[in-house]
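To start, the structure under review is shown below, and the notes come after it.
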Amino acid sequence: MLRIGIDLGGTKIELVALDDDGKEVFRKRIPTPREYVATVDALVALVTEVEESLQQTATIGIGIPGVISPFTCLVKNANSTWINGHPLDVDLGARLNRKVKIANDANCFAVSEAVDGAAAGKSVVFGAIIGTGCGAGIAIKGQVHDGGNGIGGEWGHNPLPWMKADEFNTTTCFCGNRDCIETFISGTGFVRDFRAAGGVADSGIEIAQMMQAGDPLATQAFDRFIDRLARSLAHVINMMDPDVIVLGGGVSNIDAIYTELPKVLPLYVVGRECHTPVVKNCYGASSGVRGAAWLWGR
41 MLRIGIDLGG TKIELVALDD DGKEVFRKRI PTPREYVATV DALVALVTEV
91 EESLQQTATI GIGIPGVISP FTCLVKNANS TWINGHPLDV DLGARLNRKV
141 KIANDANCFA VSEAVDGAAA GKSVVFGAII GTGCGAGIAI KGQVHDGGNG
191 IGGEWGHNPL PWMKADEFNT TTCFCGNRDC IETFISGTGF VRDFRAAGGV
241 ADSGIEIAQM MQAGDPLATQ AFDRFIDRLA RSLAHVINMM DPDVIVLGGG
291 VSNIDAIYTE LPKVLPLYVV GRECHTPVVK NCYGASSGVR GAAWLWGR
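Take 41 as the starting number for the sequence shown in the numbering used here and just add one per residue.
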């Protein structure tokens, strides 16, 4: 079976085709048209190109930076705003003469790592993408868990747990609320915190490098980051106790996270015991598009 996965982002559309063993047999990236009909046309053209090239008809899965509302059946919450309010799966399905599956891009990340990535063989997988923003997805037995409202995994837009006095009411999130997890533990939040303490850096990776070189401000900022990440993930463990947590996004490339976080997690998990593995993703920036291909199962 040929599986096509598409990552529909705000600036680029990326397509991969996988064979039945998960081997990549086709890849292409194009700029995203910033208009709905043109975006649909571009997706149809990409699918047609790969199927004609490989002489096969494929299943199609798409990851989007939003969700399909289970109530209106229209796209909502997408930062690619021109697709909001449209039945993207229905319109594409009509053009391609088959059913198209669409899921949030963070859920696609979780599926990718659950099927044949860092969490392969695990039943319940929580995938957290920590980059410019902060999102998450849930995969159960290799399949997306959307939830009844279509927002399963919207972890980053809950308030930071066990907030301290100097954290409360200090950040504003684009979602309209204050003190969201995203505003503290995203790469953007990590840098904001470091700069507020008098440091100078442009990325979380840079702060980590400064910490490794012995910079005291960077070390203090990293300690705060780890404590906040531990609180945020302990909240997840206390609620759903996943078999494994997989980290993605640029911040996931900070190796010290994987040695320091396990020391702090038990402080916040009920019972003060926690052996939940927290691991780095296997497929990096390609995980989401691979997960879209795996939306049809293996």
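Don't be surprised by glycine CBs; every beta carbon is placed ideally from N, CA and C. Only a predicted model underlies this, so the values are computations on that prediction, with no experimental measurement involved.
Does DSSP classify residue i as helix, strand or coil?
i: D145; result: helix
i: T172; result: coil
i: P256; result: helix
i: V309; result: coil
i: R235; result: helix
i: R264; result: helix
i: V115; result: strand
i: V276; result: helix
i: I294; result: coil
Just reading off the alpha helix (DSSP H) that residue i is part of, what are its end residues?
i: A98; result: No alpha helix (DSSP H) contains A98, which is instead part of the beta strand (DSSP E) from A98 to I104.
i: P302; result: I297 to V304
i: V90; result: Y76 to L94
i: I123; result: No alpha helix (DSSP H) holds I123; DSSP gives it neither H nor E.
i: R330; result: S327 to A333
Give the single residue among the options whose Cα lies nearest to the Cα of residue i.
i: F66; options: T51, G337, G106 and T88; result: T88
i: L335; options: L86, I100, V90 and T259; result: I100
i: L83; options: L128, L305 and A118; result: L128
i: N189; options: K52, N117, V80 and Q252; result: N117
i: L301; options: P71, V165 and A270; result: A270
i: T72; options: T51, L94, D206 and K63; result: T51
Who are the Cβ neighbours of residue i in its own chain at under 6 angstroms, not counting the five residues just before and after it?
i: F265; result: F230
i: V319; result: A158 and V286
i: H185; result: I178 and G192
i: V215; result: The question names Val, but residue 215 is Cys in the sequence shown. H197, listed in sequence order.
i: I37; result: Not covered by the structure: residue 37. The range shown for the chain is 41 to 338.
If I measure Cβ to Cβ from residue i and keep anything under 8 angstroms in the same chain, skipping five residues before and after, which residues do I get?
i: G238; result: L257
i: G244; result: G227, F230, V231, F265, G290, V291 and I294
i: E313; result: P306
i: D233; result: F224, A261, R264 and F265
Apart from the five residues on each side of it in sequence, which residues of its chain come closer than 7 angstroms, Cβ to Cβ, to residue i?
i: D267; result: V304
i: A241; result: V231, F234, I247 and M250
Give the range of the beta strand (DSSP E) segment to which residue i is assigned.
i: V284; result: V284 to G288
i: V140; result: Unbroken run through V140: none, as it is neither H nor E.
i: P71; result: E64 to P71
i: L55; result: K52 to L58
i: G45; result: L42 to L48
i: V318; result: V318 to K320
At a cut-off of 8 angstroms, would you count residue i as near the ligand MN, judging by its Cβ distance to the nearest heavy atom?
i: A274; result: For the ligand MN, the structure offers nothing, since it holds no ligand at all.
query = Which whole runs of the beta strand (DSSP E) in the segment 147 to 221 are 3 residues long or more, in chain order?
reply = Annotation: the segment 147 to 221 contains the following complete segments of the beta strand (DSSP E) (minimum length 3 residues), in chain order: 164 to 170 and 174 to 180.
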